[in-house]
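Numbered by the working numbering, the letters in the sequence shown go through residues -7 to 199 in order.
Quick reminder that beta carbons are idealized off the backbone N, C-alpha and C, glycines included.
Just so we're clear, the structure is a prediction, and the values are computed from it rather than from any experiment.
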Amino acid sequence: MSSITIIGTGNMARTLGARAIAGGNTVEVMGRDQSKAADLAKALGDGATTGEWGAAPAGDIVIVALLYDGVVPAVAHYGDALAGKVIVDISNPFNSTFDGLAHHEETSIAQEVAKAAPADASVVKAFNTVFRHVLERGRPDVFLAGDNAQAKSRVEAFIKSLGMRPLDVGGLKMAHWLEGAGVVTVGLANHGVGNLDFALGITELPA
């Protein structure tokens, strides 16, 4: 199983932490507010620990569970403490009307994280196309993108430990299109599907 550090104390941090522990992984929680991080670790139970904000994470896989505009600053703040780590960006940079992306060029939060992270860290985009309560209760497909095959393999193993199916969409530049897929999920929730009780997935024809 995997050793996971979650940076963040919000709903996604709580959901991923609970699923990670249920899957047999170890979990460390880090937050700007140390008391919130301690409270979340206590709520998760099963040996979840608390790390100090900005210190070297104990986990080999570091999930940044923050709102999109806080992800790159947090990674820059951690700096060399993230050396050698697999950094997982789960954010969706929605615009104010939730029908487009907040950045106006063909980039992604994950690609910007890669610029801010230590050279020997690896960045993977994942989980951004799954609504939180589906992640909490379901077994959705989880799309991921990244440039380092070994890092993606480790994230895939973690996803499988959650009882979910990882699906590799390619290199880190594909994170831009995964963020676009996040916009599509919101559009479907507001229109074609009409609720949040779904996730994007792949249907394969029988051989």
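{"query": "At least three beta-carbon pairs within less than 8 Å, the segment 143 to 155 to the segment -1 to 15", "result": "yes"}
{"query": "Cα-Cα separation between V105 and G186, rounded to whole angstroms", "result": "33 Å"}
{"query": "Alpha carbon of L188 to alpha carbon of A181, nearest angstrom", "result": "5 Å"}
{"query": "Three CB pairs or more closer than 8 Å across the segment 119 to 132 and the segment 168 to 176", "result": "yes"}
{"query": "Inter-residue Cα distance where the pair is V64 and G184", "result": "33 Å"}
{"query": "Host beta strand (DSSP E) of D139 (start-end)", "result": "Here D139 belongs to no beta strand (DSSP E), and DSSP marks it neither H nor E."}
{"query": "Exposure of K144, with buried meaning 16 or more beta-carbon neighbours within 10 Å", "result": "buried"}
{"query": "Where the alpha helix (DSSP H) containing E128 begins and where it ends", "result": "R124 to R129"}
{"query": "8 Å contact criterion, which A66 and V56 should meet: CB distance rounded", "result": "6 Å"}
{"query": "Distance CB(L127)-CB(V161) smaller than 8 Å", "result": "no"}
{"query": "Whether A113 touches L74 by CB criterion (8 Å)", "result": "yes"}
{"query": "Residues that L93 bridges to, as DSSP identifies them", "result": "F86"}
{"query": "L93, buried or exposed, once every other Cβ within 10 Å from all chains shown has been counted against 16", "result": "buried"}
{"query": "Rounded distance between the beta-carbons of V147 and I53, thought under 8 Å", "result": "7 Å"}
{"query": "Reduced DSSP category for R24 - H, G, I as helix; E, B as strand; rest coil", "result": "coil"}
{"query": "Helix, strand or coil at G162 according to DSSP, with G and I counted as helix", "result": "strand"}
{"query": "For S114: DSSP bridge partner residues", "result": "V78"}
{"query": "Inter-residue Cα distance where the pair is P132 and L32", "result": "24 Å"}
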